[in-house]
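Chemist:
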Amino acid sequence: MKKIITVITFLLLAISCEKDDICTTANADTAHLKIKFYDQLDQETLKPVTNLLIVGIDNALSYGIESTRDSISIPLRILKNNTSYKLIKDYAINDNATPGDTSDDFATGNEDVIVLNYKNEELFISKACGFKNVFNDVNFGFTDDTDNWILSSTVITNKIETEDNAHVHIFH
Amino acid sequence: MRTYIFFISLLLSFAGFAQEVAIKDSTKTHKFGLRIGTDISKLVKTAVIEDYTAFEINADYKFAKKYSLAGEFGNEKRTIDETQVNFTTKGSYFKVGVDYNAYENWLDMENAIFVGLRYGLSSYKNTLNSHTIFNSDTYWNENGLITTPIKYSNSTTHFVELIIGIKAKIFNNLYLGINAQLKNYVANKNPDNFTNLYVPGFGKTTDDSKWGVGFGYTISYFIPFYKK
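Line by line, the protein sequences give chains A and B.
Following our numbering, the numbering of the first sequence begins with 9 at its first residue and continues without gaps.
Following our numbering, the numbering of the second sequence begins with -5 at its first residue and continues without gaps.
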């Protein structure tokens, strides 16, 4: 009888060890919008944008400065159906000829506004990862102004689910 | 996986051991009848654990010297809070199969060291109470916590179960039992855009395995029908 109790105790110990689920699935995170910059004249060739400042509209913070990058990855809003960004090319601070005084400094650069419209869809991944957001029916546009540096654009895929490939090409 | 190998090896040694204690005695009388009971561990967990309610009736009918027809029927409701999802599973299950009693009783006692096989069917509903959309970029300050509950359509899971345990007479016709269960699901219908993460009567499921484990402490009453 003692032997049996020992065996059963071991059994219960063995089954109480439970595997913890850790989110290790690839592409479980909500994807960023990936934009690649190409030459307007030679549309097969990547062309970096110099000193690009990225600022989300309705966001007090900037997303960052990419000095010379031919692609960017930026987050889209998951609780709204649209996201807008200011993409400022050749961003610089002009010290107004008074390097010691920052109060009269002003920013220079060519600012273009991009707008994305989409439909959000929650996609179940797993217990550990939960859900991710997928952007469907993606529509990309940029606002016309007097001196656009963005000359044209192409939407490569209207479904943003992974970050493996660029979703939008911008020509400049 | 290593846990399961350990489990199975224990099971085998258990079966071997059970053979050892068997005493050959073919002349003794056997009582045949129905043993009916409940799982005490489910009652205790219902009382102790918040967000858990369960009740199970189990029965076995001895139809041959060493074999019983056995089954369990129960209800379970459980809420599980994971990092990304908080959900409630509620439903019923039944299990039916045969137990083989490896223990040779003295006189006309009905103790059992048994190994059994079951077919199980669980029918239940999942409700997602809240969930977080996995969005690690915090630039837009949208943490993605959604607190609107989502109710999913009915789920069903079919499974097979290997059960081993003992049932010991404490007095008169009252028996106390302990058992361990190893389960594997054979068919599982997930709702759209969700996965059955907990199955009543089966237990938790994991992303990469079809195995489930469980245990029970039973109290049951034996109603003798006839002696032979």
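Virtual Cβ for every residue (Gly too), placed ideally from N, Cα, C.
In the DSSP assignment, find the beta strand (DSSP E) that holds Ile34 of chain B and state where it starts and stops.
Modeler: First-last for Ile34 of chain B: 34 to 42, but that is the alpha helix (DSSP H), not the beta strand (DSSP E).
Chemist: Along the stretch 74 to 89 of chain A, what residues have a CB closer than 7 Å to any CB found in chain B?
Modeler: Within the stretch 74 to 89 of chain A, the qualifying residues are Pro83, Arg85, Ile86, Leu87.
Chemist: At a Cβ threshold of 8 Å, is Ala36 of chain A touching chain B?
Modeler: So, interface residue.
Chemist: Rounded to a whole number of angstroms, what is the C-alpha to C-alpha distance between Glu155 of chain B and Glu98 of chain B?
Modeler: So the two alpha carbons sit approximately 24 Å from each other.
Chemist: In chain B, what lies closer than 8 Å to Leu131 of chain A by C-beta?
Modeler: Residues of chain B passing the Cβ test: Asn187.
Chemist: Using the Cα positions of Asn144 of chain A and Thr189 of chain B, report the straight-line distance between them to the nearest angstrom.
Modeler: Cα to Cα, the separation comes out at about 22 Å.
Chemist: Count the other CB atoms, across all protein chains shown, that sit within 10 Å of the CB of Lys204 of chain B; report buried if there are 16 or more and exposed otherwise.
Modeler: When all chains shown are included, Lys204 of chain B counts as exposed.
Chemist: Alpha carbon to alpha carbon, what distance is there between Ala115 of chain A and Thr58 of chain A?
Modeler: Taking the straight line joining both Cα atoms gives about 15 Å.
Chemist: By DSSP, does His40 of chain A sit in helix, in strand, or in coil?
Modeler: DSSP places His40 of chain A in coil when its eight states are reduced to three.
Chemist: Within the 8 Å Cβ cut-off, does Lys135 of chain A reach chain B?
Modeler: Interface residue, yes.
Chemist: Quick check on the burial criterion: 16 or more other C-beta atoms within 10 angstroms. Buried or exposed for Thr141 of chain B?
Modeler: When all chains shown are included, Thr141 of chain B counts as exposed.
Chemist: Counting only runs of 3+ residues fully inside the stretch 60 to 148 of chain B, write out the beta strand (DSSP E) ranges in chain order.
Modeler: With a minimum length of 3 residues, the continuous beta strand (DSSP E) runs that stay inside the stretch 60 to 148 of chain B are 61 to 75, 79 to 95, 106 to 126.
Chemist: Which residue comes first and which comes last in the beta strand (DSSP E) that contains Asp54 of chain B?
Modeler: That run of the beta strand (DSSP E) goes 46 to 56.
Chemist: Over what stretch of residues does the beta strand (DSSP E) that includes Arg77 of chain A continue unbroken?
Modeler: Unbroken beta strand (DSSP E) run through Arg77 of chain A: 70 to 77.
Chemist: Distance, Cα to Cα, Lys97 of chain A vs Asp152 of chain A?
Modeler: Roughly 15 Å between the two C-alpha positions.
Chemist: Suppose contacts are defined by Cβ-Cβ distances below 8 Å. Is Phe179 of chain A in contact with Asn187 of chain B by that definition?
Modeler: Cβ distance not < 8 Å, so Phe179 of chain A and Asn187 of chain B don't count as in contact.
Chemist: Evaluate contact between the stretch 118 to 135 of chain B and the stretch 159 to 166 of chain B, counting only Cβ atoms and requiring at least three cross-stretch pairs below 8 Å.
Modeler: Too few Cβ pairs lie closer than 8 Å, so no.
Chemist: Show which residues of chain C have a CB atom less than 8 Å away from the CB atom of Ser124 of chain B.
Modeler: No chain C is present in this structure, whose protein chains are A and B.
Chemist: Have a look at Ile158 of chain A and Ile127 of chain B and give me their C-alpha separation to the nearest angstrom.
Modeler: Using only the alpha carbons, I get a separation of about 33 Å.
Chemist: Quick one: grab the DSSP three-state call for Trp205 of chain B.
Modeler: The answer is strand: DSSP assigns Trp205 of chain B an E or B state.
Chemist: Measuring CB atoms only, is the stretch 80 to 97 of chain A touching the stretch 120 to 128 of chain A, in the sense that at least three cross pairs come out at less than 8 Å?
Modeler: Yes, the stretch 80 to 97 of chain A touches the stretch 120 to 128 of chain A.
Chemist: Please classify His175 of chain A: does DSSP put it in a helix, a strand, or coil?
Modeler: Residue state, collapsed to three classes: coil.
Chemist: List the residues of chain B that Phe143 of chain A touches, going by C-beta distances under 7 Å, in chain order.
Modeler: By Cβ distance, chain B contributes nothing, its closest Cβ being about 12 Å from Phe143 of chain A, past 7 Å.
Chemist: Is there a C-beta anywhere in chain A that falls below 8 Å from the one on Ser214 of chain B?
Modeler: Not one chain A Cβ lies under 8 Å of Ser214 of chain B.
Chemist: I need the straight-line Cα distance from Trp100 of chain B to Ala174 of chain B, nearest angstrom please.
Modeler: Near 25 Å, if we compare the C-alpha coordinates of Ala174 of chain B and Trp100 of chain B.
Chemist: Reducing DSSP to helix, strand and coil, say where Arg29 of chain B ends up.
Modeler: Here Arg29 of chain B sits in strand by DSSP.
Chemist: Take Arg112 of chain B as the anchor and find which of B:Asp33, B:Ser214, B:Val180, B:Asn184 has the nearest alpha-carbon.
Modeler: When only C-alpha atoms are compared, the closest one is B:Val180.
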